[in-house]
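Heads up: the structure comes next, in structure tokens.
Residue numbers (my numbering): 259 to 599.
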């Protein structure tokens, strides 16, 4: 009610979280509120709400508005009650190539305890969001916090989430060869786990950071030599193993932000960006770094001292290679700037 009183004509969006981000700080596992308010002439915000029940009706995509306005979607969801992958698949069909950026509410340990806020209404399930169109450009950054090791491999045998063969060799055998071939100074990275990056576009002639969707290895079977991963894989896909630690995550975020910031000319006290929304995994923060405020600090160093609000998520949403995914251990960023001028 206080928010509606202060901003009676504003479109509002929010959720509960175990930690908030704002004003150059990150507050984890303590009571706090972070708010980003803005005046955006010539910009239209179309709010919408989707529940698991409405996903069964193909007409739910009409709530997102027309695709010809090139919308960007900011989305907050409840991880207990909504199949967000199904939502993302639907938006890919109805609004191909349009970014979906946001995060899943955190802090609750059971269904019904999260809260989603949209235009003064409070919900305990589903998903809320806004479609943003008009005189605004929204640059997206997705930092998965990993770096590649070894070579690229083509999947020669695999189905569903089971990776069986790479270059006609058992997948687990190839993984063991990659791990044993790491320099001694990098062997310690293996204690944080090894991940499988699946190329978004396997027809590329070369691959770099941001070209892979990172999946966890959830099971390795030494008898069959197969690897079960947290996503689907199929023959012909190009994959590369990755590692993740604090240094890799820091390096990845800086590199991904530099790619977009260098093209805008932001920085210093006069940034080209007007504001940013930051959605960081609740496994980052002081669970990954020794001191608080890492992600928001890197963001403001790269994009300028812009107003920032966000939270620590139980799953982050953002595009890679023109397709939207839900991620883990990721920082997903929306950077706002005028489309004209």
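Each residue gets a CB set at the ideal place from its N, CA and C atoms; glycine is no exception.
What residues are listed by DSSP as bridge partners for residue 427? The bridge partners DSSP lists for residue 427 are 424.
Integer Cβ distance of residue 467 from residue 513, believed to fall under 8 Å: At roughly 6 Å, the Cβ-Cβ gap stays under 8 Å, so residue 467 and residue 513 are in contact.
Inspect the CB distances between the segment 502-509 and the segment 559-567 and report whether three or more fall short of 8 Å. No, the segment 502-509 is not in contact with the segment 559-567.
With a Cβ-Cβ cutoff of 7 Å, do residue 535 and residue 592 count as a contact? A contact, by the Cβ cut-off of 7 Å.
Bounding residues of the alpha helix (DSSP H) (the contiguous stretch that carries residue 267): Note, residue 267: premise wrong, no alpha helix (DSSP H); not H, not E.
Coarse secondary structure for residue 559, derived from DSSP in three states: In this structure, DSSP gives residue 559 a helical state, which the three-state scheme calls helix.
Could you give the C-beta distance for residue 350 and residue 581, rounded to a whole number, given that I count them as a contact under 8 Å? Yes, they are in contact, since the Cβ atoms of residue 350 and residue 581 sit about 6 Å apart, within 8 Å.
Which of helix, strand or coil DSSP assigns to residue 465: Three-state DSSP puts residue 465 in coil, outside helix and strand.
Alpha carbon to alpha carbon, what distance is there between residue 577 and residue 421? Rounded to whole angstroms, the separation of the alpha carbons of residue 577 and residue 421 is 24 Å.
As assigned by DSSP and simplified to three states, the class of residue 378: Secondary structure of residue 378 (DSSP, three-state): coil.
Along the chain, where does the alpha helix (DSSP H) containing residue 514 start, and where does it finish? For residue 514, the enclosing alpha helix (DSSP H) has its first and last residue at 504-519.
Just how far apart, CA to CA, sit residue 283 and residue 570? Using only the alpha carbons, I get a separation of about 12 Å.
Own chain residues within Cβ distance below 6 Å of residue 406, not counting five before or after: Spatial neighbours of residue 406 in its own chain (CB-CB distance under 6 Å, excluding positions within 5 residues in sequence) are listed in chain order as 498, 500.
Is residue 345 helix, strand or coil when you go by DSSP? For residue 345, the three-state secondary structure derived from DSSP is helix.
Nearest-angstrom Cα distance between residue 400 and residue 456? Taking the Cα positions, residue 400 is about 15 Å away from residue 456.
Using only the alpha-carbon positions, how far apart do residue 489 and residue 473 sit? Cα to Cα, residue 489 sits roughly 6 Å from residue 473.
Residue 336 and residue 383 closer than 7 Å at C-beta: Against a cut-off of 7 Å, the Cβ pair of residue 383 and residue 336 comes out as a contact.
Quick one: any contact between the segment 458-465 and the segment 432-450, if contact means 3 or more CB pairs under 8 Å? Contact fails: fewer than three Cβ-Cβ distances are below 8 Å.
Looking at residue 565: is its Cβ nearer than 7 Å to the Cβ of residue 375? Residue 375 is positioned such that its CB atom lies no closer than 7 Å to that of residue 565.
Using only the alpha-carbon positions, how far apart do residue 503 and residue 551 sit? Cα to Cα, the separation comes out at about 17 Å.
If we count the other Cβ atoms within 10 Å of its Cβ and call it buried at 16 or more, is residue 259 buried or exposed? Flag for residue 259 reads exposed.
Tell me, which residues are paired with residue 417 by DSSP? Looking at the DSSP output, residue 417 bridges to 420.
Pick out whichever of 471, 387, 540, 494 has its Cα sitting closest to the Cα of residue 319. When only C-alpha atoms are compared, the closest one is 387.
Exposure label - residue 345; buried when at least 16 CB within 10 Å: Under this definition residue 345 is a buried residue.
Beta-carbon proximity check, residue 364 vs residue 572, cutoff 7 Å: Contact: yes.
Between the Cα of residue 438 and the Cα atoms of 408, 424, 425, 429, which residue gives the shortest distance? Checking every option, the nearest Cα to that of residue 438 belongs to 408.
Provide the residue span of the beta strand (DSSP E) that contains residue 333, from first to last. Taken as a continuous stretch (DSSP letters only), the beta strand (DSSP E) holding residue 333 covers 330-335.
Suppose the cutoff is 7 Å on Cβ atoms and the five residues either side in sequence are ignored; what does the same chain contact list for residue 265 look like? If we look at residue 265 and ignore the five residues flanking it on each side, its Cβ neighbours are 295.
Check residue 312 in the structure and name its three-state DSSP category. The answer is helix: DSSP assigns residue 312 an H, G or I state.
Please go through the segment 543-598 and give each complete beta strand (DSSP E) segment of 3 or more residues, from N-terminal end onward. With a minimum length of 3 residues, the unbroken runs of beta strand (DSSP E) contained wholly in the segment 543-598 fall at 566-571, 574-578, 581-585, 589-595.
Can at least three beta-carbon pairs, one atom from the segment 351-359 and one from the segment 264-278, be found at a separation below 8 Å? Output reads no: the segment 264-278 does not touch the segment 351-359.
Tell me, which residues are paired with residue 534 by DSSP? Per DSSP, the beta-bridge partners of residue 534 are 566, 593.
Using only CA atoms, which one of 594, 554, 574 lies nearest to residue 281? Ranking 594, 554, 574 by Cα distance to residue 281 puts 554 first.
So, residue 419 versus residue 478, is the Cβ gap smaller than 7 Å? Contact: no.
Distance, Cα to Cα, residue 308 vs residue 385? For residue 308 and residue 385, the gap between their C-alpha atoms comes out near 5 Å.
Coarse secondary structure for residue 406, derived from DSSP in three states: In this structure, residue 406 counts as strand in the three-state DSSP scheme.
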